[in-house]
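First the structure, in the form of structure tokens, and then the observations on it.
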Ligand code: PLP
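In my numbering, the protein residues as written are 374 to 638.
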């Protein structure tokens, strides 16, 4: 008998941010906070601080496949979270990895820009995600600028982007943090045609890693078996609190506080 039941395992395929605000560190912290075990699989390395990204390098496909296969052969993966992929080849690599996990919910955060605006992949990577990964993702979580790139609608509203993207998607959450409305409107478009709006108060300042926090938390909630709408609400609420309690460890954007201060005792 197994006397050591484990927390749900979430395979994270994301980039590494050495400033610790975004990427795999964000995934690990958010998943710990949800009572999940993160399996952090590196897709890319970045050079960045809390202000912006200056360079990145995508890992060799063989290395990413080997990491993911080692995890999948050993751990019961309950959900997968995608972050920065960085190249069209990496999109294909993820597709290959997902073939081994056909019934596992996939949360796709189509990362193309750092919080400071620097590129983390060409727009072609976004188009490849749209064609290849959105169809197999339980939910995609673009912010409005990312949704505009994916939809090829540079000035499009969330609704216009959703109309263009929904044929590719199962479910789509377009977050509104990058807008300038007084309230933030996060819009969830479901495959059955229904829509849920989640509104929250806009907090002052810029944040680094908010999208990663949201997508990982959502993957964690799905790994626990929570239904999609409830999981989205939980993930948005948690992410908002991490931003409210954010820290300024460097000269740039705030970093979400994803774990309580006394987490390590
Ligand atoms: N993934 C990596 C590795 C990053 O470096 C970044 C931003 O710098 C992101 C994802 C996206 O960050 P955010 O959650 O701020 O959109």
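No residue lacks a Cβ here, since even glycine has one placed at the ideal position from N, Cα and C.
Keep in mind it's a predicted model, so treat the numbers as computed, not measured.
- Excluding sequence positions up to five before and after residue 437, its CB lies within less than 6 Å of the CB of 416 and 466, all in the same chain and listed in chain order.
- Note on geometry: alpha-carbon atoms of residue 409 and residue 585 lie some 15 Å from one another.
- Residue pairing of residue 486 in beta bridges, as defined by DSSP: 492.
- Listed in chain order, the non-local C-beta contacts of residue 489 below 6 Å within the same chain comprise 424 and 425, local neighbours out to five positions each way being set aside.
- In this structure, the beta-carbon distance from residue 450 to residue 384 falls below 8 Å.
- Taking a cut-off of 8 Å for Cβ pairs, the segment 470-482 and the segment 509-522 touch, as three or more such pairs fall below it.
- In this structure, residue 608 lies near residue 591, with their beta-carbon atoms less than 8 Å apart.
- A direct Cα-Cα distance of roughly 39 Å separates residue 496 from residue 636.
- In this structure, DSSP gives residue 511 a state outside helix and strand, which the three-state scheme calls coil.
- Following the DSSP letters along the chain, one finds residue 421 inside the beta strand (DSSP E) bounded by residues 410-421.
- Distances taken from the Cβ of residue 600 to the heavy atoms of the ligand PLP include none shorter than 7 Å.
- Spatial neighbours of residue 549 in its own chain (CB-CB distance under 8 Å, excluding positions within 5 residues in sequence) are listed in chain order as 516, 517, 531, 557, 558, 559 and 560.
- Per the coordinates, the alpha-carbon of residue 441 lies some 28 Å from the alpha-carbon of residue 630.
- Residue burial is scored here from C-beta neighbours: residue 413 has at least 16 other C-beta atoms within 10 angstroms and is therefore classed as buried.
- Residue 463 has its Cβ no nearer than 7 Å to any heavy atom of the ligand PLP.
- DSSP places residue 536 in the helix class (H, G or I) of the three-state scheme.
- In this model, residue 427 and residue 533 are separated by some 32 Å (Cα to Cα).
- If the five residues before and after residue 396 are omitted, its C-beta is found closer than 8 Å to the C-beta atoms of 387, 388, 389, 390, 419, 456, 457, 582 and 585, all from its own chain and listed in chain order.
- A straight-line Cα-Cα distance of about 29 Å links residue 577 and residue 459.
- The alpha helix (DSSP H) runs lying completely inside the segment 529-606 and spanning 4 residues or more are 531-538 and 583-596, given in chain order.
- The continuous alpha helix (DSSP H) containing residue 446 extends over residues 434-447.
- For residue 455, the beta-bridge partners assigned by DSSP are 386 and 481.
- Where residue 424 is concerned, there is no enclosing alpha helix (DSSP H), because DSSP gives it neither an H nor an E.
- Around the beta carbon of residue 624, fewer than 16 other beta carbons sit within 10 angstroms, so the residue counts as exposed.
- Per DSSP, the beta bridge partners of residue 620 are 628.
- Residue pairing by DSSP places residue 431 opposite 417 in a beta bridge.
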